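Chemist:
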Amino acid sequence: MKHITKKNLLLIFLTILCLICLFLLRFTGKQEAPFIQLGNFRIPSTARSGVISGSLSLLSFLLIFTDYKKGFRIGIVINCISVGNLLYGIIKAHSLVSLPGIVTSTLSFIILITFYSFYSRLAESNLTDFITGQGNRRKYVKELKEHIEAKRSFTLACVELDDFKHIIDLYGISAGDYLLNKAAEKLTSILDKKDILFRITGSTFAIIFEPGESPEERLKNVISAENIVIPADNAKNTEASCILSLSAGIVYSHPPYNFTRTASSILRDAETALATTRNMTEHKICIYNESMENAELKQREAEFLIKESLENNYFYLVYQPQFTMQEKKLRGFETLIRCRKPDGSTVNPSEFIPTAEKSNLIMKIDDYVLHSAMKEFKSVIENSNRELIISVNISAKNIGCRDFADRIKKIVEEVDFPPECLELEITEYSFAESRETTIANINTLKEMGIKIALDDFGTGYTSIAQLMKLPISLLKIDKSLIDDIETNESMRHMIDSVIYMGHIMNCQVISEGVENDKQLSLLKDNKCDFIQGFVWGRPLNFADAELLTQQHEEY
Ligand code: C2E
Ligand code: CA
Ligand code: CA
């Protein structure tokens, strides 16, 4: 049996009281005696029916306060019966003795209707988002619960406005409201009659689609980027132009549902699908599947490990030597991060750097590596009689930040490290993500004397024409190209051309991942400047790297 709530119990109790009143009213009508004797009191029967009618009105109000929808319906029915009863009495007895009762009941009707419309307006405004006029999160939960309870099929889409925070930072909150309304307008245009749109948090909308034309196809029509002009009134008194683009995560939900399905668990799935779109550049729609859950779980675990490692010093650095090709003289070291967990096991960077790059944790890692490497090598460089280069990997996300060059400058000054001994390894992706800022940062860093190397060269898609314009000083040929140098003749020619091209660009060239003498001799023929690889040196801990530096001093 369905559980009876306290509210329903109270409704039943009040309804029974109303029915008793109705019965008493009916009974009063049949009384012939003008008075009723109650102890020493004589109560006129007209006064008694007035009291009962008044009680009935009072009970009707209590009904509407208990549950404005059900209470209103019960109240109206009770009052109708009461009025009917009184009218019947008037007609039958040809007497207007029940007229006060009719007036009381009419008043009850008016008050019931007034309270009902007040409550329904209040309930509606509680469920409405005041910026877009669409449903809010409360309404979303209510509607979805109803869908789940009624075991209805539906599709939930979670839609997000891209770069919203950035737009608010630039143009202010009113501009944000303007864009939210534009986005709501676009989304409303694809809705069918019964579909419902909600704004559930800052820049996130949810849509419940009823079964019908594919929601995915409909969303495709509105999510692509569109240039929007924000009027001066909404954008700090100057007309502003910005891009309105949307991403969407979709969940198809069909009964029978898994018993754990709730409004928030379905929304979480849609958010997981939405999170997957963050790596996409266009057509940013993803349909939820369970493997996404695993990917997200892994991402969260890795993020947790990174935060823990930063707090508890699980990270440490190793240094892989780089040598000159011709004389095998030590050029310097590439700094590589490692993580040692409390159980003694080590985690390779390939397992946590991609995770860190998806969040802002990569900035913290890069800062940690820069700081630690410079601090460790500062005295080694001071005690050395020649230049030693310390190379540090910098993520594309980091070098694309406006304040990157300033941050590096601050760290270099803080540690008091010679900037000409510092080299930053970046990849082509740095130029793809935010080209202008990256180039501006590189130019500032070069003015300070810091060197810039282009890592993983040969794995990206930058055209030669674009490459020639990049302000770099060292090209690092990727291991995947070196792996093929012995067996693949065309790769040999390719590497030869890359080295040649690097020299034309006024860059030096280093080959990475060199593992054997055959590769070494071919690279020597191709006039490669430097070598880094297991053939001449694996990554070393700091003490061994220092020792190697001292050994090379003695030459
Ligand atoms: P990467 O920058 O291309 O680093 C070179 C990788 O190749 C290193 O792996 C290195 O140990 C490995 N390697 C070098 N020579 C040889 C060789 O002869 N044979 C083989 N099989 N491997 C060789 P590692 O240390 O696992 O680093 C992997 C990637 O993780 C790096 O690729 C880099 O993208 C990232 N990474 C490592 N340390 C850092 C760091 O401190 N900051 C950032 N942002 N990324 C880092
Ligand atoms: Ca590197
Ligand atoms: Ca590399």
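1 is the number of the first residue of the sequence shown in this note's numbering; add one for each residue after it.
Glycine included, C-beta positions come from ideal geometry on N, C-alpha and C.
Small disclaimer: the values here were computed from a predicted structure and weren't measured.
Run the proximity test for S480: is its beta-carbon closer than 8 angstroms to any non-hydrogen atom belonging to ligand 2?
Modeler: No, ligand 2 has no heavy atom inside 8 angstroms of this Cβ.
Chemist: Cβ of S291 versus every heavy atom of ligand 1: is any distance shorter than 8 angstroms?
Modeler: no
Chemist: Under three-state DSSP, which class holds N488?
Modeler: coil
Chemist: Give me every residue whose Cβ sits closer than 5 angstroms to any heavy atom of ligand 2, in chain order.
Modeler: N393, E425, D455
Chemist: Looking at the unbroken beta strand (DSSP E) that takes in D456, where does it start and where does it end?
Modeler: Looking at the DSSP string, the run of the beta strand (DSSP E) that includes D456 is 451-457.
Chemist: Pull up the DSSP beta-bridge partners for P321, would you.
Modeler: F333
Chemist: Terminal residues of the continuous beta strand (DSSP E) containing H227?
Modeler: Note that residue 227 is Asn in the sequence shown here, rather than His. Note, N227: beta strand (DSSP E), 226-230.
Chemist: Under the rule that 16 or more other beta-carbon atoms within 10 Å means buried, what is Q551, buried or exposed?
Modeler: So Q551 ends up on the exposed side.
Chemist: Considering just the uninterrupted stretch of the alpha helix (DSSP H) at C528, what are its terminal residues?
Modeler: Per DSSP, C528 belongs to no alpha helix (DSSP H) and is neither H nor E.
Chemist: Among M325, D343, V318, T346, whose alpha-carbon lies nearest the alpha-carbon of E620?
Modeler: The requested residue 620 does not occur in the structure, where the chain is confined to residues 1 to 555.
Chemist: How long is the line joining the alpha carbons of M280 and I131, rounded to whole angstroms?
Modeler: 29 angstroms
Chemist: Drop a sphere of 10 angstroms on the beta-carbon of R218, count the other beta-carbons inside from all chains shown, and report buried for 16 or more, exposed for fewer.
Modeler: Residue environment: R218 is assigned as buried (16 or more neighbouring CB atoms within 10 Å of its CB, all protein chains considered).
Chemist: Taking the alpha carbon of A270 as the reference point, which residue from I167, N383, I208, L548 has its own alpha carbon closest?
Modeler: The shortest C-alpha to C-alpha distance from A270 to any of I167, N383, I208, L548 is the one to I208.
Chemist: Tell me which residues share the same chain as I394 and place their Cβ nearer than 6 angstroms to its Cβ, disregarding the 5 neighbours each side in the sequence.
Modeler: D366, L424, I426
Chemist: Among residues of its own chain, excluding the 5 on either side of F155, which ones have a beta-carbon nearer than 6 angstroms to its beta-carbon?
Modeler: Residue 155 is actually Thr in this sequence, not Phe. Once the five neighbours on either side are set aside, the close Cβ partners of T155 are F209, P215, Y252.
Chemist: Once the 5 residues before and after M468 are set aside, which same chain residues still bring their CB inside 7 angstroms of it?
Modeler: M505
Chemist: For E486, which option in T277, L297, L522, C242 has the closest C-alpha, if you only look at C-alpha atoms?
Modeler: L522
Chemist: Under the assumption that D458 contacts V498 (Cβ atoms under 8 angstroms), give the Cβ distance between them as a whole number of angstroms.
Modeler: According to the sequence as given, residue 458 is Gly; it is not Asp. With 8 angstroms as the limit, G458 and V498 qualify as a contact, their Cβ atoms being about 7 angstroms apart.
Chemist: Let me confirm a value: V514 is counted as buried when at least 16 other C-beta atoms fall within 10 Å, else exposed. Which label applies?
Modeler: buried
Chemist: Write down every uninterrupted run of the beta strand (DSSP E) in the segment 10-77 whose length is 3 residues or greater and which is fully enclosed by it, in chain order.
Modeler: Entirely contained in the segment 10-77, the beta strand (DSSP E) runs reaching 3 residues are, in chain order, 35-38, 41-44.
Chemist: Expressed to the nearest angstrom, what Euclidean distance is found between the alpha-carbon atoms of I16 and G75?
Modeler: 12 angstroms
Chemist: Return yes when the Cβ of M374 is within less than 9 angstroms of the Cβ of L336, no when it is not.
Modeler: The answer is no: Cβ separation not under 9 angstroms.
Chemist: CB-CB under 7 angstroms to Y116, same chain, minus the five flanking residues each way: which ones, in chain order?
Modeler: I64, Y68, F72
Chemist: Can you tell me which of C18, T276, S49 puts its alpha carbon nearest to the alpha carbon of F27?
Modeler: S49
Chemist: When you compare the CB positions of I250 and I287, do they come within less than 9 angstroms of one another, or not?
Modeler: The criterion of a C-beta distance shorter than 9 angstroms is satisfied by I250 and I287.
Chemist: Go ahead and pull the three-state DSSP assignment for V392.
Modeler: Strand at V392.
Chemist: What does the alpha-carbon distance come out to for the pair I442 and M494?
Modeler: So the alpha carbons of these two residues sit roughly 28 angstroms apart.
Chemist: Relative to the alpha-carbon of T346, which residue among R338, F352, I353 has its alpha-carbon at the smallest distance?
Modeler: R338
Chemist: Where are the alpha helix (DSSP H) runs, 4 residues long or more, that stay fully inside the segment 199-228, in chain order?
Modeler: Every unbroken stretch of the alpha helix (DSSP H) spanning 4 or more residues and falling wholly within the segment 199-228 is given here in chain order: 215-223.
Chemist: Report the partner residues of N338 according to the DSSP bridge assignment.
Modeler: Note that residue 338 is Arg in the sequence shown, not Asn. In the DSSP output, where bridge partners are listed per residue, R338 has Y316.
Chemist: So, E160 versus T188, is the Cβ gap smaller than 9 angstroms?
Modeler: Between E160 and T188, the CB-CB gap reaches or exceeds 9 angstroms.
Chemist: Cα separation between K307 and V369?
Modeler: 15 angstroms
Chemist: Give the straight-line distance between the Cα atoms of I390 and T128, rounded to the nearest whole angstrom.
Modeler: 58 angstroms
Chemist: Can you tell me whether L170 is helix, strand or coil according to DSSP?
Modeler: helix
Chemist: Answer yes or no: the CB of E146 versus the heavy atoms of ligand 1, is any distance below 8 angstroms?
Modeler: no
Chemist: Tell me whether M1 sits in a helix, a strand or coil according to DSSP, three-state version.
Modeler: Here the model assigns M1 a pLDDT of 49, short of 50, so the residue's position is not dependable and the matter cannot be decided.
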